[in-house]
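Everything on this sheet refers to the single structure shown next.
Numbering (this note's numbering), first residue to last: 1 to 316.
Rendered as structure tokens:
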């Protein structure tokens, strides 16, 4: 009779965080670049039912590993229904594969990682195109650098005279324009237009960002001032503690010296007492010897008187 072996339950899925604790962009330049790029590409691919454009959400590329994630500034994924917003993109849930196009806007804090660690990771994961935009001149040799996967390794996409680079995955040319990026048609070379509402929205976002940055700076300044006051108070407390400790040690030293002096006086008093008693004993012995001598002299005089002849006895 065969024995039925129970099938162990499937391991529970870990919790995959949906939000990136890092800010989407550090400056209005970065934010405006990303908002514009996402809006333009979504408008361009509006007629496509399987192209998803998103930015700054977690992309999980390994099921069961919550640390296998990145939050690219911009990613384009083919084979995914673009309808609806997703708080994160998990490859195994949404029916699509890995992003075919990634773009990172370099910032002061991330540009080394963008050019190094992320480039190697995206290459290993098989992301077919990886673009880097450096509007502030932080580390790239030119504002825009693109890489295309060839035989498992990234090769630099040759730039055009205007600094643009061809994206085969998008079917567009990516072109730097000052602190912005533009997409141009391969057929006509014309710049893809911004959606009608984008300009006003970008201006509004810019104002909101400027205000947020102002408030953030004021809050940071207030925190720094509060921290400065706290540091000053802490140093004052530490100095006061040092003074109290020094005074305590000085008192302890004074008590120790006073105790030593008291013991020295007691010792001197004992020595003086022994010397005084020794002198008194010596005087007592001298007095005793003197009295003994006087007694002896008296006895000698008495004996002499006994043996001496009377004064009126005739001499023979």
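By construction, the Cβ of each residue, glycine as well, lies at the ideal position given by its N, Cα and C atoms. It should be emphasised that the depicted structure is a prediction, and the values quoted were computed from it without experimental measurement.
Counted within 10 angstroms of its Cβ, other Cβ atoms place residue i as buried (16 or more) or exposed
i, result
"residue 307", "exposed"
"residue 75", "buried"
"residue 105", "buried"
"residue 77", "buried"
"residue 319", "Within the shown structure, residues of the chain are numbered from 1 to 316, placing residue 319 beyond reach of any answer."
"residue 118", "buried"
"residue 230", "exposed"
"residue 173", "buried"
"residue 48", "exposed"
"residue 185", "exposed"
"residue 304", "exposed"
"residue 255", "exposed"
"residue 234", "exposed"
"residue 54", "buried"
"residue 220", "exposed"
"residue 369", "In the structure as shown, the chain starts at 1 and stops at 316, and residue 369 therefore has no counterpart that could be examined."
"residue 309", "exposed"
Cβ shell of residue i (< 7 Å), same chain only, five flanking positions each side left out
i, result
"residue 23", "A caution first: residue 23 carries a pLDDT of 47, below 50, which makes its placement in the model unreliable, though a value can still be read off. Once the five neighbours on either side are set aside, residue 23 has no close Cβ partner at all."
"residue 124", "none"
Whole-angstrom C-beta distance between residue j and residue i, which should lie under 8 Å
i, j, result
"residue 325", "residue 34", "One cannot answer for residue 325 here, as it falls past the ends of the chain, which runs 1 to 316."
"residue 59", "residue 89", "5 Å"
"residue 175", "residue 162", "6 Å"
"residue 52", "residue 82", "5 Å"
"residue 102", "residue 127", "5 Å"
Range of the contiguous alpha helix (DSSP H) that encloses residue i
i, result
"residue 317", "Outside the displayed span of the chain (1 to 316) sits residue 317, for which this structure offers no information."
Same chain, Cβ closer than 6 Å to residue i, neighbours up to 5 away in sequence not counted
i, result
"residue 159", "165"
"residue 192", "40, 44, 183"
"residue 146", "131, 157, 165"
"residue 224", "none"
Boundaries of the beta strand (DSSP E) in which residue i is found, first to last residue
i, result
"residue 101", "101-105"
"residue 131", "129-133"
"residue 188", "Here residue 188 belongs to no beta strand (DSSP E), and DSSP marks it neither H nor E."
"residue 155", "153-156"
"residue 141", "Taken as a continuous stretch (DSSP letters only), residue 141 belongs to no beta strand (DSSP E), as it is neither H nor E."
"residue 88", "88-90"
"residue 74", "74-78"
"residue 164", "Taken as a continuous stretch (DSSP letters only), residue 164 belongs to no beta strand (DSSP E), as it is neither H nor E."
"residue 14", "Where residue 14 is concerned, there is no enclosing beta strand (DSSP E), given that its DSSP letter is neither H nor E."
"residue 51", "51-54"
8 Å Cβ shell around residue i - same chain, five flanking residues per side excluded
i, result
"residue 137", "143"
"residue 97", "77, 78, 79, 91"
"residue 112", "139"
"residue 298", "none"
"residue 288", "none"
Which runs of the beta strand (DSSP E) fall wholly inside the region 200-260 and span at least 3 residues, in chain order? none
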